[in-house]
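For the sequence shown, this note's numbering gives the first residue as 150, with consecutive numbering after it.
Accompanying notes for the structure given below.
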Amino acid sequence: MLKTRVLVLRGGPSSEYEVSLKTGQTVLAEVPAHKYHARDVFIDRQGTWHIRGMPIEPARALEQADIVFNALHGTYGEDGTVQRLLDTHRVPYTGSGALGSALGMNKPLAKGQLGSTSFRVPLHRILLKGETDDTRLLDIFRTFPQPSVVKPAAGGSSVATSVVHAFDALVAAVALAFEYTDIVLVEQYIPGREATVGVIEGFRREPLYALPPVEIVPTKNTFFDYDEKYAGHAREICPAVFPRETTHALLIAAREVHQILGLRDYSRSDFIVNKNGIFFLEVNTLPGLTEASLIPKALTAVGSNLPEFLDHVLMRAYHRK
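Structure, rendered in C-alpha cells:
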C-alpha cells in the first residue's frame, strides 16, 4: 500500500521554538508508520525551512507532501502566517485555518468575539508599544482590579506572563511583555481552580468531542507559568475532580470557544473555575503534544492515544484536498 506523505513542520521563529521542536518530535515518533511516511521539516529561528539538514524553499518542500502536520506554536505557525502559505500552495494541513488561527492567537480579539456565551471573560485592557508611559500605567493600576495578569496579547506557553500586585511590578511586567510583542494585555486576576479542556472535531462520531477537563495545580506559583508547564512542577489531575455540573459547564464552554472562533480539527481552552462562575482565559489552536502536554493526558483518560489522535486529524486534513 502506498503511504500518505506527511511533512511535519516544527521549530519556527517563535518564543515557543523549543516546545514546537518537542511537539514535532512526538508527532514524528507517534504517527502510524504503516499508513504514513512522515518527514521532518525543521524551521529555524530565522524562518528558513530545512529537510535533512539542508535549506529548502517552502514551495519545493511542499511538492513532497500529501498533507502537512503543523506542529508549530506561536508566531508564524499559529497566527495564520504559515496557514496562508499552505493555502497558497493548496496543501492540506492539520489545525485551524488562517482566519481562525489569527483570531485565536490574538487574545483581545478572541475575547471580543465571546460576548454572549455560557461563561465569563475577565476585565482587561490593551497597551500598545510606544503609546504607554508611567502615567498610563499608574491610571490602570489605580482603576483596575488588583492583582492583575500581564501577558503578550499574542503568544502561548505563558511566555512573559506575570501576576503583579504592586505598581513597580506592573511596570516591570509590561516592559518584559513588550520584549515579545507590540501589544500587551493587562487582565483581571481571577482566583480559583485552573482547568483546561481539549476539543476534537469529528472524534468518536461526535461533531465536537470534548475531552475530560484537566485541573492544573501549580506547586510554587499562583498561575501555570512556563516553568510549571515544562519543568514538571505542577500537578495535573485528569480527569479533574469537579462537581458534575461544573464539568458539564466546562465541556460546553470549550465547545463554544471552538465553534464561535471558527477553529478547526482540535483546540484546547483554558478556564478558571471561580465562585462567581467559569472564566475563559485563552484558547490554544495548536496545543502542545509533548510528553508534558495536556492533550495526551486527556486522550489517555478516555482510552485513546496519540497514534489514534494523529491519524484522525491527518485524515480530516487529507479529505479537505
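Virtual Cβ for every residue (Gly too), placed ideally from N, Cα, C.
Values in this document were obtained by computation on a predicted structure and should not be read as measured data.
- DSSP lists L277 as the beta-bridge partner residues of I332.
- Contact between A344 and V422 holds: CB atoms are separated by about 6 Å, below the 8 Å threshold.
- Between Y166 and G160, the C-beta spacing is below 8 Å.
- L252 and V366 have their alpha carbons spaced roughly 28 Å apart.
- When R194, M150, L221 are compared, the shortest CA-CA separation from H186 is found for M150.
- For S453, the closest C-alpha among the options I349, N425, E431, H407 is that of I349.
- Nearest to F293 by C-alpha distance, out of A389, V335, G411, A302, is V335.
- Residue environment: P392 is assigned as exposed (fewer than 16 neighbouring CB atoms within 10 Å of its CB, all protein chains considered).
- By the beta-carbon neighbour count (other beta carbons within 10 angstroms, threshold 16), N219 is buried.
- Contact annotation, G347 with R274: C-beta distance approximately 29 Å; criterion of less than 8 Å not satisfied.
- Looking at the DSSP output, K300 shares a beta bridge with L334.
- The bridge partners DSSP lists for T284 come to none.
- Per DSSP, reduced to three states, the secondary structure at Y166 is helical.
- A direct Cα-to-Cα measurement between E355 and S265 gives close to 24 Å.
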